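> Heads up, the sequence shown is in numbering that gives the first Met the number 0, so the first residue is 0 and it goes up one at a time.
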Amino acid sequence: MPSVRTATIRRRATVIGSGVALALIAVAVAVPVVTGWDVATRAARSADDRAIAPLHGLWVPHVGAATAAAVLIAVLAWRFADRWALTLSWRALLASSAVAAATWMLALAFVDGPTGISRVLGNPYEYLRTAREVDDIGVLLTTYVSRIPYAADDNWVTHVAGHPPGMLLFFVALVRLGLGSDFTAGIVVTLVAATLPAAVLTTLRALGAEAVARRAAPFLVFTPAAVFLAVSADAVIATVGAWGIASLAVAASRPRTAAMIAWAAIAGIVLGATVMMSYGMLLLGILALAVLIATRRWVLLPIAAATASAVVLGFAAGGFGLWEAYPVLAERYADGIASERPYAYWVWGNLAALAICAGPAVGGAIAATTVSPEVRRRSAVRWLIVAGALMVLLADLSGMSKAEVERIWLPFVPWLTIAFAFVPAPWRRRLLAAQLVWALLVQ
């Protein structure tokens, strides 16, 4: 049991960390308003007086038919989620986490009615409209890079140009399977995202931290990020990447060589596919290294690296070279909204956007881990949280993230959310309540 002094220190750290996150959000919102600083929250084509920095999305408080359902789910989660996470069998926990996450995301999305599911993916700058026009994947790959620049006559729309072809191909597959309507694709994406908590829980258990996984489960499932995970292509990227890391952790825990090699190969394939969905997911290499450092299973590195490289090289053989595309993308960034967004604001405004997405209480949770004796004893968990923070830091400092929107932080949020497992026990339900209320307010 922690000493009274240790508990007091953790409690203070939790309060201070949450306060800092809230203050960061408040300052990020207030500075452009008070000073008149134009931080180019939205591109000129989508300018809206209701835009509030640092969010790209419009915050328009309202209630809908599903508001009561969302509030009811929040109350039930606050009352029962902790007990559910601690007492269910492991398999039941994984299954119920996916069901609960899907229910939470859909309830929040349906506050806007059916358009809450269809509106985002139906945007002409997203993937679906382009996916419906693809009739030759070979031509798609060989012409992909040439269509990235703004100067190209047939340049890709924003989100297609900003990612490798893997994400577009995901939606092409949905279209060819008859799941390509705005609404249906939104449901599919949300159901995929609902497995994200299970991927993180699987990773933790494979690393010998089942108790931590159970304590973190309510926060992973009922995260404010659910507002952005529902119907977001970035949610698919986050989920695929998380299952890649989970596969690597499972590989590290296998006692038999054959199983270890098989899982490492799967991990590499999945992580390679994630990179082909988003250039920024090269940062998942940091998380993969965290798993290897924690387990000291360095033999897995060449196996996973080989299969990940095979995926990247397979795309290159088809006509799309990742290394050729990235410099062209950087030029398009420079020609677009990135040229209008001041780095001096977005280098810290992006962190405020992350806090809005993850919930400001995540600041308190991270602060609690810095003074938690248990974190020091659990090196594997410590490495995951540190890796999550490092990925955010590098993405932020790169300058490439300043041209993005708040949902780009989704792949990193779950790994920071693990920190909630280390907040003082009396504060767990308080912080869960804070996260639930924050999600309802953001929605």
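All C-beta atoms in this analysis are idealised placements derived from N, C-alpha and C, irrespective of residue type, glycine included.
Here the structure is a predicted model, which is why all the values come from computation and not from measurement.
Determine whether the beta carbon atoms of G56 and V110 lie at a separation below 7 angstroms.
No, they are not a contact pair.
> From D152 to R406, what distance separates their C-alpha atoms?
For D152 and R406, the distance between alpha carbons rounds to 29 angstroms.
> By DSSP, does A192 sit in helix, in strand, or in coil?
Helix, per DSSP.
> Quick one: complete alpha helix (DSSP H) runs, 4+ long, within the segment 381–426?
Listed in chain order, the complete alpha helix (DSSP H) runs (minimum 4 residues) inside the segment 381–426 are 412–416.
> Looking at the strands, I want to know which residues DSSP matches up with A237.
In DSSP, A237 forms no bridge with anything.
> Using the beta-carbon count (16 or more within 10 Å), is M0 buried or exposed?
Caution applies to M0, whose pLDDT of 48 falls short of 50 and renders its modelled position unreliable; the value that the coordinates give is listed next. Exposed is the call here.
> So what does DSSP say about A150, is it helix, strand or coil?
Looking at A150 - three-state DSSP - the assignment turns out to be coil, as it is neither helix nor strand.
> How is A130 classed by DSSP in three states: helix, strand or coil?
The answer is helix: DSSP assigns A130 an H, G or I state.
> Taking Y332 as part of the alpha helix (DSSP H), name the residues at either end of that continuous run.
L321 to D334 is the span of the alpha helix (DSSP H), which, as asked, contains Y332.
> Using three-state DSSP, classify G267 as helix, strand or coil.
Residue state, collapsed to three classes: helix.
> With DSSP run on the structure shown, which of helix, strand or coil describes Y443?
As shown, the chain starts at 0 and ends at 442. That puts residue 443 outside it, with no answer to give.
> In angstroms, rounded to a whole number, what distance separates the CA positions of A50 and G121?
Near 20 angstroms, if we compare the C-alpha coordinates of G121 and A50.
> Return the chain-ordered ranges of every beta strand (DSSP E) run that is complete within the segment 74–119 and spans a minimum of 3 residues.
Segments of the beta strand (DSSP E) lying fully in the segment 74–119: there are none.
> Count the other CB atoms within 10 Å of the CB of P217; is the residue buried (16 or more) or exposed (fewer)?
The residue in question, P217, is buried, as its Cβ has 16 or more Cβ neighbours within 10 Å.
> Quick check: what's the CA-CA separation for R296 versus S252?
Their Cα atoms are separated by approximately 9 angstroms.
> Consult DSSP for A367 and reduce its assignment to one of helix, strand or coil.
A367 falls in the helix class under three-state DSSP.
> Express the C-alpha separation of W83 and A329 in angstroms, rounding to a whole number.
Rounded to whole angstroms, A329 to W83 spans 46 angstroms at the Cα level.
> Apply the 10 Å Cβ neighbour rule to G112 and answer buried if 16 or more other Cβ atoms are within range, or exposed otherwise.
By the neighbour-count rule (16 or more Cβ atoms within 10 Å), G112 is not buried but exposed.
> Where does N122 fall in DSSP's three states?
Of the three classes helix, strand and coil, the one that applies to N122 here is coil, per DSSP.
> Mind checking D135: buried by the 16 CB within 10 Å criterion, or exposed?
Under this definition D135 is an exposed residue.
> Whose CA, out of Y325, R428 and G318, lies closest to the CA of L281?
Closest by alpha carbon: Y325.
> May I have the straight-line CA-CA distance separating I417 from V199, to the nearest angstrom?
Computed Cα separation, rounded: 8 angstroms.
> Between A108 and F170, what straight-line distance do the alpha-carbon atoms span, to the nearest angstrom?
The straight-line gap from Cα to Cα measures roughly 20 angstroms.
> I'd like to know whether the C-beta atoms of W103 and F221 end up nearer to each other than 7 angstroms.
Their beta carbons are under 7 angstroms apart, which means W103 touches F221 by this criterion.
> Where does R429 sit, in a helix, a strand or coil, going by DSSP?
Helix at R429.
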